[in-house]
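Student:
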Amino acid sequence: MFQNLKKSLVFRRGKNLKNIVNYLISNCLSFTCVILMFSVLETVGITLFEINSHLVLDVFFLTTAVAALMFFTDQLSIKNHLFETLIRIFDVFFVVILLGGMPDTGNFLLMSLILMLTYFFVYTIMSLKYKATANAINKRIIAMKKEEGNHE
Amino acid sequence: MKLIVEQSLESKEVEIIIKCGLIDEHLEKLIDQIRRYSFSINGKKDGINYKIPLESIFYFEASEDKTFIYGEKAVYECDLKLYELEQQLAGTNFVRISKSCILNIMHLNSVRPLFHGKFEAQLKNQEKVIINRHYVPKFKEKFGL
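In structure tokens form, the structure reads like this:
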């Protein structure tokens, strides 16, 4: 198992800066999602943290740090989807616990729920974006085929 | 610009003659493209060498220090390394889609998204190859996106 793991953890060369756009989008989405969840929780009387300008900046710093760590761990070319998902979830928890500190058990469960919901929210939106990209490429492929057919 | 295509059964080989006053940047690109597209790659199968035309190649794949040429049905071994092929095929319909694969987009059937920004490309012969997320921007560029 570890040999396979070692084989899959091959560092990639030639990073493409255009990929950074996806990390920026993920960052904006996760920031929005976390702030919205804190606001909804506060509205229903559950106050994890008092929402003020410091908290907003802290959340932005955390989501940016998560996106940055994901950028680096994504350089590992991991072929297993489940393992890749676990690494990404680990990135989220690692940054939040490292920078935000370890909360008590009750808050940890609530925090975990918020983080997981945020993760899957971002994942869903990004999947829709990739689906739109695939549709756009497929349209071009059909157009190319038609052009090819006309030439023949 | 005038484009004249003369079709005749007497012609045994395709011949392209470009008549021009001055070769500008666009014409240079066109000449380069024609030159590359009429280019063939040496492939070896069962000890026999073949000249494989670029347009019939579906993709190149590197595996265990060897490079393979994948056609519609046949697989050949190639002497060139993937990075050498990538350099030689710059500006053609070939694009690097992963650390180990260069794909000819002219043989694509469709693409679909996979997990975490990866895509799966289905080829005209129903084979499937993975487009790694790091190569997706270059791949999109090939389609003008």
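Chains A and B supply the protein sequences, listed in that same order. By the working numbering, the letter at position 5 of the first sequence is numbered 5, and the numbering carries on one by one without gaps. By the working numbering, the letter at position 11 of the second sequence is numbered 1011, and the numbering carries on one by one without gaps. Each residue gets a CB set at the ideal place from its N, CA and C atoms; glycine is no exception.
1. By alpha-carbon positions, which one of Tyr1050(B), Leu1080(B), Lys1142(B) ends up nearest to Asn1104(B)?
2. Just how far apart, CA to CA, sit Glu1127(B) and His54(A)?
3. Of all Cβ atoms in chain A, is any one closer than 8 angstroms to the Cβ of His988(B)?
4. If you follow the alpha helix (DSSP H) that Glu1006(B) is part of, which residue opens it and which one closes it?
5. Counting contacts by CB-CB distance shorter than 8 angstroms, is Lys131(A) in contact with chain B?
6. Does the Cβ-Cβ distance between Ile1102(B) and Lys1118(B) come in under 8 angstroms?
7. Since I believe Phe38(A) is in contact with Leu48(A) (beta carbons under 8 angstroms), could you give me their beta-carbon distance rounded to a whole number of angstroms?
8. Could you pull out every unbroken beta strand (DSSP E) segment of at least 3 residues lying fully inside the region 72–117 of chain A, listed in chain order?
9. Establish whether the CB of Lys18(A) and some CB of chain B are separated by less than 8 angstroms.
10. Quick one: residues in its chain with C-beta nearer than 7 angstroms to the C-beta of Arg13(A), no 5 flanking neighbours on either side, listed in chain order?
11. Ordered along the chain, which non-local residues of its own chain (more than five positions away) have a Cβ less than 6 angstroms from that of Glu1072(B)?
12. Mind listing the chain B neighbours of His153(A)? Cutoff is C-beta to C-beta under 7 angstroms, in chain order.
13. Taking the straight line between their C-alpha atoms, what separation do you get for Ile1048(B) and Gly1144(B)?
14. Using a Cβ-Cβ cut-off of less than 7 angstroms, list which residues of the region 135–150 of chain A approach chain B; keep chain order.
15. I need the DSSP call for Lys1051(B), collapsed to helix, strand or coil.
16. Span of the alpha helix (DSSP H) holding Asn22(A)?
17. Note down, in chain order, every chain B residue with its Cβ under 8 angstroms from the Cβ of Glu84(A).
18. Chain E beta carbons: is any one of them nearer than 8 angstroms to that of Leu1145(B)?
19. If distances are taken between C-alpha atoms only, which option among Ile20(A), Glu84(A), Val56(A), Ser77(A) comes closest to Asp33(A)?
20. Which chain A residues sit within Cβ distance under 7 angstroms of Leu1108(B)?
21. Just checking: is the beta-carbon of Phe1094(B) within a distance shorter than 8 angstroms of some beta-carbon in chain A?
22. Keeping to the same chain, check which residues put their C-beta closer than 7 angstroms to that of Pro1053(B); ignore five residues upstream and five downstream.
23. Determine the contact status of Leu99(A) and Ala134(A), defining contact as a CB-CB distance below 8 angstroms.
24. Quick check on DSSP: helix, strand or coil for Ala1074(B)?
Tutor: On the basis of the supplied data:
1. Lys1142(B)
2. 53 angstroms
3. For residue 988(B) there is no data in the structure shown, the boundaries of chain B being 1001 and 1145.
4. Neither: Glu1006(B) is in no alpha helix (DSSP H) and is coded neither H nor E.
5. yes
6. no
7. 7 angstroms
8. Segments of the beta strand (DSSP E) lying fully in the region 72–117 of chain A: there are none.
9. yes
10. Per-residue confidence for Arg13(A) stands at a pLDDT of 45, beneath the threshold of 50, marking its modelled position as unreliable; the derived number appears in the next sentence. If we look at Arg13(A) and ignore the five residues flanking it on each side, it has no Cβ neighbours.
11. Asn1125
12. No information on residue 153(A) is available, as it lies outside the stretch 1 to 152 that chain A covers here.
13. A straight line joining the alpha-carbon of Ile1048(B) with that of Gly1144(B) spans about 39 angstroms.
14. Ala136, Ile137, Asn138, Arg140, Ile141
15. strand
16. 20–43
17. Phe1115, His1116
18. Protein chains A and B are contained in the structure displayed, whereas chain E is not.
19. The sequence shown places Cys at residue 33(A), rather than the Asp named in the question. The shortest C-alpha separation from Cys33(A) is found at Val56(A).
20. Within chain A, the C-beta atoms nearer than 7 angstroms to that of Leu1108(B) come from Ile141, in chain order.
21. no
22. Correct list, in chain order: Ser1040.
23. no
24. The three-state reading of DSSP puts Ala1074(B) in coil, since its state is none of H, G, I, E or B.
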